[in-house]
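Protein chains in written order, with this note's numbering: chain A, 1 to 14; chain B, 15 to 273.
Glycine is no exception: its CB is placed at the ideal position from the N, C-alpha and C atoms.
Every value quoted in this text rests on a predicted model; they were computed, and no experiment measured them.
Working notes for the structure below.
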């Protein structure tokens, strides 16, 4: 199963 | 007072045209060092980051007395910019605590000056910290080539697998009705630098991404002859369009990962 990741799971809130 | 005079309104037009379909409303953060814009799409899968440096030649004048944020609907901004001629000089102007952003378009021979005001918006968005990292692989290629690849492969499937290795880079799609693959080899014999394909490889990368977003990013093709793809396994790809005499427009796209 291939899932689309969210960008917010890679970059933290500044 | 904020005032930025851009020599080429066509550059701003192209930037906004390439953003407005994925990113509806966005904050322009203005400071003495220039203008930045960061925004996520509504599904939080893609992020754009625009940087226009104040000390580059694309600005004839630039003044920003205090840091301000200009919240703008990009669809509206696109409509306003359509009122400018491609060769017009565009000036953006706002007060220190602005409710309004003013656009002034000066035609080349100064015989026509037009002025438009738009209301600013309060946009509640969190800025994400994007770390400076070394990527496993950086591919530089003609921007129109990347656009063509995304467009061709999107006819057969929803996601593309980008495979960077020492001979070059492969783009593959596998859909229910068929599959496709495009191999790009590094070019050394091409005369013009902008026509070259180069692959800087520290480690091979194989990663899948949604073509819908990559195709949307390629709306920025006319901003730059070349595009840089930076990849590391299991992290977002960076699709960067350098903007001559201004800075760059980058798109980040989260990968599709085996769960």
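| Query | Result |
| --- | --- |
| Inter-residue Cα distance where the pair is residue 163 (chain B) and residue 113 (chain B) | 43 Å |
| DSSP bridge partner residues for residue 49 (chain B) (one or two, in chain order) | B:44, B:66 |
| Three-state secondary structure (DSSP) of residue 194 (chain B) | strand |
| Pair within 8 Å by beta-carbon distance, residue 283 (chain B) and residue 67 (chain B) | Because chain B in this structure spans residues 15 to 273, residue 283 (chain B) falls outside the shown range and cannot be described. |
| Reference residue 61 (chain B), options B:117, B:32, B:18, closest by Cα | B:32 |
| Proximal residues, the segment 125 to 140 of chain B versus chain A, C-beta separation under 8 Å | 140 |
| The segment 120 to 130 of chain B touching the segment 146 to 165 of chain B, judged by at least three CB pairs closer than 8 Å | no |
| Closer than 9 Å at the beta carbon, the chain A residues around residue 285 (chain B) | Residue 285 (chain B) is absent from the structure shown; chain B starts at 15 and stops at 273. |
| Enclosing alpha helix (DSSP H) for residue 182 (chain B) [first to last residue] | Where residue 182 (chain B) is concerned, there is no enclosing alpha helix (DSSP H), although the beta strand (DSSP E) it sits in stretches over 182 to 188. |
| DSSP three-state assignment for residue 209 (chain B), whether helix, strand or coil | helix |
| Amino acids of chain A, ordered along the chain, whose beta-carbon sits closer than 9 Å to that of residue 222 (chain B) | 2 |
| Residue closest to residue 122 (chain B), alpha-carbon to alpha-carbon, out of B:256, B:20, B:235 | B:20 |
| Beta carbon proximity, residue 59 (chain B) to chain A, threshold 8 Å | yes |
| Cβ contact check for the segment 230 to 239 of chain B and the segment 251 to 258 of chain B: 3 or more pairs under 8 Å | yes |
| Cβ shell of residue 260 (chain B) (< 6 Å), same chain only, five flanking positions each side left out | 66, 70, 72 |
| Residue 242 (chain B), buried or exposed, once every other Cβ within 10 Å from all chains shown has been counted against 16 | buried |
| CA nearest to the CA of residue 250 (chain B), picked from B:228, B:262, B:233 | B:228 |
| Cβ pair count under 8 Å reaching 3, the segment 41 to 52 of chain B against the segment 134 to 146 of chain B | yes |
| Chain-order list of residues whose beta-carbon lies under 7 Å from that of residue 90 (chain B) (same chain, five-residue window excluded) | 132 |
| Closer than 7 Å at the beta carbon, the chain A residues around residue 245 (chain B) | By Cβ distance, chain A contributes nothing, its closest Cβ being about 13 Å from residue 245 (chain B), past 7 Å. |
| Chain-ordered neighbours of residue 271 (chain B) on chain A, where CB pairs are closer than 9 Å | 2, 3, 4, 5 |
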